[in-house]
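In terms of full-length UniProt numbering, the sequence shown opens at residue 1 and continues consecutively.
Idealized CB from N, CA, C, for every residue including glycine.
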Amino acid sequence: MRVAPLTCAIGAELSNVNLGVASRDPGLVAEIRALLLKHKVLFFRDQDITRAEHVAFARHFGELEDHPVAGSDPEHPGLVRIYKSPDSPNDRYENAWHTDATWREQPPFGCVLRCVECPPVGGDTMWANMALAYEKLPQQVKDQIAGLRARHSIEASFGAAMPVEKRLALHAQFPDAEHPVVRTHPETGEKILFVNAFTTHFTNFHTAANVRYGQDYSHGGSDLLRYLISQAFIPEYQVRFRWQPNSMAMWDNRSTQHYAVMDYPPCHRKMERAGIVGDLPF
Numbered sequence: 001m002r003v004a005p006l007t008c009a010i011g012a013e014l015s016n017v018n019l020g021v022a023s024r025d026p027g028l029v030a031e032i033r034a035l036l037l038k039h040k041v042l043f044f045r046d047q048d049i050t051r052a053e054h055v056a057f058a059r060h061f062g063e064l065e066d067h068p069v070a071g072s073d074p075e076h077p078g079l080v081r082i083y084k085s086p087d088s089p090n091d092r093y094e095n096a097w098h099t100d101a102t103w104r105e106q107p108p109f110g111c112v113l114r115c116v117e118c119p120p121v122g123g124d125t126m127w128a129n130m131a132l133a134y135e136k137l138p139q140q141v142k143d144q145i146a147g148l149r150a151r152h153s154i155e156a157s158f159g160a161a162m163p164v165e166k167r168l169a170l171h172a173q174f175p176d177a178e179h180p181v182v183r184t185h186p187e188t189g190e191k192i193l194f195v196n197a198f199t200t201h202f203t204n205f206h207t208a209a210n211v212r213y214g215q216d217y218s219h220g221g222s223d224l225l226r227y228l229i230s231q232a233f234i235p236e237y238q239v240r241f242r243w244q245p246n247s248m249a250m251w252d253n254r255s256t257q258h259y260a261v262m263d264y265p266p267c268h269r270k271m272e273r274a275g276i277v278g279d280l281p282f
């Protein structure tokens, strides 16, 4: 196996490795896991593997989860189909910087994504290193956010375009989750900036230390949240990957954000993703 870092901040392409073989080789899985912790997102080309092998490889890292809105492959539960076509409207969810499913109490550990069909040009995906984003924050900002917590909502994102009854039912099934603004990586110990497009507001900002008068709350808290969310936009923290059929990516969802670039004309873009159940952020 050869490892080629793609930027100084995040991402490496692994060659001379087949994830179908890895799905049956715990030793190879252990090597890949160590590289994932180091580079945060790994890329693989020419992975002509079966859906069963895709699922089996991902399951080495934990149980797989279904998505309440996106559809799964009926024969392989947990393998979510993200299919775009000329007939499907732009859903406005993937093309925002986000960490997958932080609206869950236990957001995913990570994901393994395979390209089935992609546009001839466009449709890249970008990832950002949110441990580096935290590291580079000014010290006064680190001090200010050290104890802050924030809400993350599926209702305000996937549910926003639903009829009100369906949206409220979604909220009842998945109440807003609350997470620390700075989480600790359970394996590396890194501090990670953990707010993204699913984050709606801080839950403990309105204190005497932050708010002198009531009107401070709205601008003070919301402006700080916008500033923190914008850290993923910095190119020095990012890597960009051009898809080809049978290309695959695996990322650590605990320490990254990603953005699917919707710059392609009406055409098919078919991706299949295995999301791996994670743990409670702390």
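Supposed contact pair ARG242 and ASP48 - C-beta distance, whole angstroms, cut 8 Å: Not really, about 18 Å apart at Cβ, beyond 8 Å.
To which residues does DSSP link CYS115 through a beta bridge? Beta-bridge pairing links CYS115 to MET271.
Residue from ALA260, SER88 and ALA150 whose Cα sits closest to the Cα of TRP127: Among ALA260, SER88 and ALA150, the Cα nearest to that of TRP127 is on ALA260.
Residue range of the alpha helix (DSSP H) that residue 298 falls in? Coverage of the chain is limited to positions 1 through 282, which leaves residue 298 absent and any answer about it impossible.
In the stretch 180–236, which residue ranges form an unbroken beta strand (DSSP E) of at least 3 residues, counting only runs that do not cross its ends? 182–184, 191–193 and 199–202, all fully within the stretch 180–236.
Residue(s) in a DSSP beta bridge with ILE82: According to DSSP, which records beta bridges pairwise, ILE82 is partnered with MET271.
Ends of the alpha helix (DSSP H) at GLU165? For GLU165, the enclosing alpha helix (DSSP H) stretches over residues 164–173.
Closer than 7 Å by C-beta to PRO266: which residues in its own chain qualify, once you throw out the five before and the five after it? Chain order, please. PRO86, listed in sequence order.
Which listed residue (GLY189, VAL80, HIS60 and GLU75) has its alpha carbon closest to that of PRO68: For PRO68, the closest alpha carbon among the candidates GLY189, VAL80, HIS60 and GLU75 is that of VAL80.
Please list the terminal residues of the continuous alpha helix (DSSP H) segment that includes GLN144. Run containing GLN144: 139–145, per the alpha helix (DSSP H) assignment.
Smallest Cα separation from GLY11: which of LYS166, GLN257 and GLN231? Measuring from the Cα of GLY11, the nearest candidate turns out to be GLN257.
Going by beta carbon distance, what residues of the same chain come within less than 6 Å of THR188, once the five residues before and after it are set aside? Hits under 6 Å: LEU37.
CB contact flag (ARG158, TYR93, <9 Å): Per the sequence presented here, residue 158 reads as Phe, with Arg not at that position. Taking the C-beta atoms as reference points, TYR93 is found nearer than 9 Å to PHE158.
Mind checking which residues open and close the beta strand (DSSP E) that includes MET126? Annotation: the continuous beta strand (DSSP E) that includes MET126 extends over 125–129.
Determine which residues share a DSSP beta bridge with ASP73 and list them. The partner list for ASP73 (beta bridge, DSSP) reads HIS76.
Quick check: the stretch 62–78 against the stretch 128–138, are at least 3 beta-carbon pairs closer than 8 Å? At 8 Å Cβ cutoff, the stretches do not touch.
Quick check: the stretch 196–212 against the stretch 108–115, are at least 3 beta-carbon pairs closer than 8 Å? Between the stretch 108–115 and the stretch 196–212, the count of C-beta pairs closer than 8 Å stays below three; the two stretches do not touch.
Neighbour-count burial assignment, GLU155, 16 or more Cβ in a 10 Å radius: It is buried - the Cβ of GLU155 has at least 16 other Cβ atoms within 10 Å.
Output the distance between the C-alpha atoms of LEU64 and PRO235, rounded to the nearest integer angstrom. Distance between the alpha carbons of LEU64 and PRO235: 31 Å.
So VAL3 is in the alpha helix (DSSP H); what residue range does that whole segment cover? That residue, VAL3, is in no alpha helix (DSSP H); its beta strand (DSSP E) goes 2–5.
Would you call ASN90 buried or exposed, if buried means 16 or more other Cβ atoms sit within 10 Å of its Cβ? With fewer than 16 other CB atoms across the displayed protein chains lying within 10 angstroms of its CB, ASN90 is exposed.
Would you check if the stretch 26–45 and the stretch 135–148 touch, i.e. whether three or more CB-CB distances between them fall below 8 Å? No, because fewer than three Cβ pairs between the stretch 135–148 and the stretch 26–45 fall closer than 8 Å, the two stretches do not touch.
Where VAL55 sits in the DSSP three-state scheme: DSSP places VAL55 in helix when its eight states are reduced to three.
Name the one or two DSSP bridge partners that VAL239 has. DSSP, once it has assigned bridges, lists TRP127 as partnering VAL239.
Assuming GLU178 and ARG212 form a contact by the criterion Cβ under 8 Å, report the distance between their Cβ atoms to the nearest whole angstrom. The beta-carbon distance between GLU178 and ARG212, rounded to whole angstroms, is 25 Å. This is too long to meet the 8 Å contact definition.
Would you mind stating whether LEU9 and GLN238 have Cβ atoms separated by less than 9 Å? The residue asked about is misnamed: residue 9 is Ala in this sequence, not Leu. The answer is yes: Cβ separation under 9 Å.
May I ask you to report which of helix, strand or coil DSSP gives residue 306? Past the edges of the chain, shown from 1 to 282, lies residue 306, and the structure says nothing about it.
Hey, is ALA274's beta-carbon within less than 9 Å of any beta-carbon in chain B? Among the protein chains of the structure shown there is no chain B, as only one such chain exists.
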